[in-house]
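Quick note on the working numbering: the sequence shown kicks off at 514 and runs consecutively.
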Amino acid sequence: MPKVVDHDARRQELAEATWRLIRREGLEAVSVRKVAREAGVSPGSLRHYFTSQSELLAYALRMVGERIEQRIRSLEPGQTLEDHVQALIEQVLPLDEERATEAVIWLAFVGKALVDPELAKLATETHNALYHLFHQLIKAMVRHGALPRETDVELEARRLHALVDGLALHGVASEEPLSPQMIRQIVAHHLEQLAAKAGAVPGRGEA
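As structure tokens, then:
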């Protein structure tokens, strides 16, 4: 009988090989030949799934997004809304090897997207998806009383988005990267300041 190939699993393997190569050598090192070698397949086999480098890179970035979404969906509610918000934010921050790799990949794609129209579209979609997540988090805090009704949701969502992007950068792209503990402390402090500045009491919201 002919061998049955799980094409989705093979694409995932190729995406993971691309991630490893980016983490180890940078985005500029990615080529069909190098990714094929990393994955242990022939270049011809790789081209069966991806006809161009940009198509492969785009798929690899989408898989990062899907992995983050899976973690978010699997989260259990925190004791308070603030705990849950903190846990959600932490899913997109470099707090362990897996998430650090994701941060490196995202930062590498941002630079590449400046000169690659196909990747630019995907980078914009990813950026907007993150903003939407933060917007929903701030709205939830307002809705549950953790922040007052007059909170400027768009402004606070963009502030949080900028903070997270900065923490991702300082967590992986510095000679002395921020520790996971420090990253967590900065996020917690930001959320506490949000509540205090608005006159709300931290821990007030129910998850």
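Ideal placement from N, C-alpha and C gives every residue a C-beta, glycine not left out. Bear in mind the structure is a predicted one, so any value in this text is a computation, not a measurement.
- Within a 10 Å sphere around the beta-carbon of residue 631 sit fewer than 16 other beta-carbons, which makes this residue exposed.
- For residue 666, the secondary structure class from DSSP, reduced to helix, strand or coil, is helix.
- Remark: fewer than three beta-carbon pairs, one from each stretch, lie closer than 8 Å, so the segment 695 to 702 and the segment 617 to 636 are not flagged as touching.
- The alpha-carbon of residue 668 is positioned some 37 Å away from that of residue 543.
- Here residue 558 has 549 as same chain residues with Cβ atoms under 8 Å from its own Cβ, once five neighbours each way along the sequence are excluded.
- The Cβ atoms of residue 696 and residue 684 sit closer than 8 Å to each other.
- Comparing C-alpha distances from residue 686 to each of 661, 532, 603, 607 shows the shortest one belongs to 607.
- If you draw a straight line from the Cα of residue 573 to the Cα of residue 635, it is about 11 Å long.
- Runs of alpha helix (DSSP H) with 4 or more residues, each lying fully within the segment 610 to 696, are found at 610 to 626, 630 to 656, 666 to 685, listed in chain order.
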